[in-house]
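Below: one structure, written as structure tokens.
Residue numbers (my numbering): 2 to 395.
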């Protein structure tokens with residue numbers, strides 16, 4: 002008889018877009034091959050509550066709990082004087098807790114997506130897995146450093162960072178297994194000698210190759226950035242590139258910067274006012290929107306974990322140019338399979354060189370494509386995690 006796994010998520014995983022949804026979906030897709038999965042998910046809107054479930058065979062049962070934004074904001078307000086991270090308070094729901102308590106006895110194992118739902122399972126007496134993905138506190142630490150250097154105050158990040166680091170380290174003690182996408186994140190929270198280090202696994206991300214065909218046809222001028230522009234990390238990276246790199250780059254030629262991904266209308270208008278910059282907003286096909294680009298950039302200064310956009314550029318067969326932060330968790334060979342740039346001059350020189358030598362660019366993109374096909378299939382990357390879950394269940 003197939004055993005049952007309870008999956009708890011802070012956001013409804015459909016439609017499968019965005020890094021966090023993509024990762025938990027493929028984890029579940031792999032688990033569904035051998036187990037029956039129940040999805041218990043928080044939803045922000047009635048639209049999510051009523052969204053049809055695709056006939057993909059991943060979940061045997063789906064249960065949704067509505068948590069509107071106003072309640073989440075209220076949760077955070079009441080939590081400010083306490084030591085509970087706002088990341089946890091935002092996703093607090095008595096109804097969700099009731100459902101968790103109801104479902105746990107009916108399942109053989111529970112998997113929580115992020116610490117946002119991990120706290121609901123801390124006291125459960127069945128085997129438990131915490132898919133942490135990133136060290137959120139490391140990301141907040143980086144945000145705080147950028148905020149200070151930029152001259153604006155961000156009290157939320159400074160207060161939240163210390164709360165988060167302690168909370169992330171403590172919650173792992175209550176789980177049989179915790180999982181990150183990058184060794185950098187694991188080492189940040191659980192350095193050598195940490196009590197929970199032996200229960201922490203690193204499994205990187207894969208790539209959805211069906212949606213990202215390798216078809217490099219450079220137009221000689223377009224540089225793309227792919228990402229959800231409602232996140233602080235992506236917004237900071239794309240804005241820095243548009244404001245700092247593009248003015249220098251256009252001195253070398255008629256380059257265009259194309260920002261592809263979901264974006265607020267006000268921010269879209271801002272980007273479209275920058276010289277030689279176009280923000281597309283959400284698109285039906287990232288591959289189509291990115292077609293013709295000479296390279297994809299990932300100038301991340303914030304963030305943690307693995308940057309899916311770098312893997313996506315390589316899947317599309319175009320040269321990937323990333324910052325050192327964006328390289329974390331990716332073991333491709335720098336100079337052969339992708340390029341690294343960390344300041345304005347680096348980006349200008351690297352992009353100019355690619356544009357002048359498209360044979361070199363094509364070879365770089367081809368090598369990157371070979372790397373990602375070999376090293377970043379979802380099945381391959383998630384195998385160690387699935388194997389340990391099998392061990393917990395048997």
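A virtual CB, placed ideally from N, CA and C, is assigned to each residue, including glycine. Being a predicted model, the structure only gives us computed values, none of them experimental.
Item                                                                                                                 : Value
Residue 131 versus residue 176: straight-line alpha-carbon distance, rounded                                         : 7 Å
Other residues of its chain near residue 104: CB distance less than 7 Å, five sequence neighbours each side excluded : 7, 39 and 41
Cα-Cα separation between residue 310 and residue 328, rounded to whole angstroms                                     : 11 Å
Classification of residue 322 by the beta-carbon crowding that lies within 10 angstroms, buried from 16 upward       : buried
With 16 other Cβ atoms within 10 Å as the buried cut-off, status of residue 296                                      : buried
Beta strand (DSSP E) runs contained entirely in the segment 159 to 189, provided each spans 3 or more residues       : 178 to 181
Rounded straight-line distance, which links the Cα of residue 336 to that of residue 68                              : 47 Å
Three-pair Cβ contact test at 8 Å for the segment 51 to 62 versus the segment 28 to 39                               : yes
Under 7 Å between C-beta atoms of residue 301 and residue 262                                                        : no
Contact under 7 Å by Cβ, residue 273 with residue 108                                                                : no
Whole-angstrom C-beta distance between residue 313 and residue 213, which should lie under 8 Å                       : 6 Å
Pairwise C-alpha distance: residue 277 and residue 358                                                               : 22 Å
Residues near residue 44 in its chain [Cβ-Cβ closer than 6 Å; skip 5 each side]                                      : 13, 50, 65 and 67
Contacting residues, own chain, Cβ-Cβ under 7 Å from residue 18 (five flanking each side not counted)                : none
Residue(s) in a DSSP beta bridge with residue 67                                                                     : 44
Residue 290 beta carbon less than 7 Å from that of residue 284                                                       : yes
Which residues DSSP lists as bridging residue 111, in chain order                                                    : 7 and 129
Length-filtered (4 minimum) alpha helix (DSSP H) runs lying within the segment 219 to 307                            : 233 to 241, 247 to 250, 266 to 274 and 287 to 291
Cβ pair residue 194, residue 377 closer than 7 Å                                                                     : no
Residue range of the unbroken alpha helix (DSSP H) whose run includes residue 359                                    : 359 to 376
C-alpha gap between residue 135 and residue 363, whole angstroms                                                     : 32 Å
Per-residue DSSP class, three states only, for residue 99                                                            : helix
Residue 118 in three-state terms, based on DSSP                                                                      : helix
Reduced DSSP category for residue 56 - H, G, I as helix; E, B as strand; rest coil                                   : coil
Helix, strand or coil at residue 201 according to DSSP, with G and I counted as helix                                : strand
Endpoints, beta strand (DSSP E) assigned at residue 321                                                              : 321 to 323
Own chain residues within Cβ distance below 8 Å of residue 98, not counting five before or after                     : 121
Rounded straight-line distance, which links the Cα of residue 294 to that of residue 144                             : 29 Å
Limits of the alpha helix (DSSP H) - the one that residue 388 falls within                                           : 379 to 394
Residue 133 versus residue 351 - alpha carbon distance                                                               : 34 Å
Continuous alpha helix (DSSP H) stretch holding residue 313: start and end                                           : 309 to 316
Cβ neighbours of residue 370 in the same chain (closer than 7 Å, five flanking residues each side left out)          : 215, 315, 316 and 318
Beta-bridge partners of residue 339, as assigned by DSSP                                                             : 335
Where the alpha helix (DSSP H) through residue 90 begins and ends                                                    : 87 to 90
With 16 other Cβ atoms within 10 Å as the buried cut-off, status of residue 79                                       : exposed
Residue 119 beta carbon less than 7 Å from that of residue 205                                                       : no
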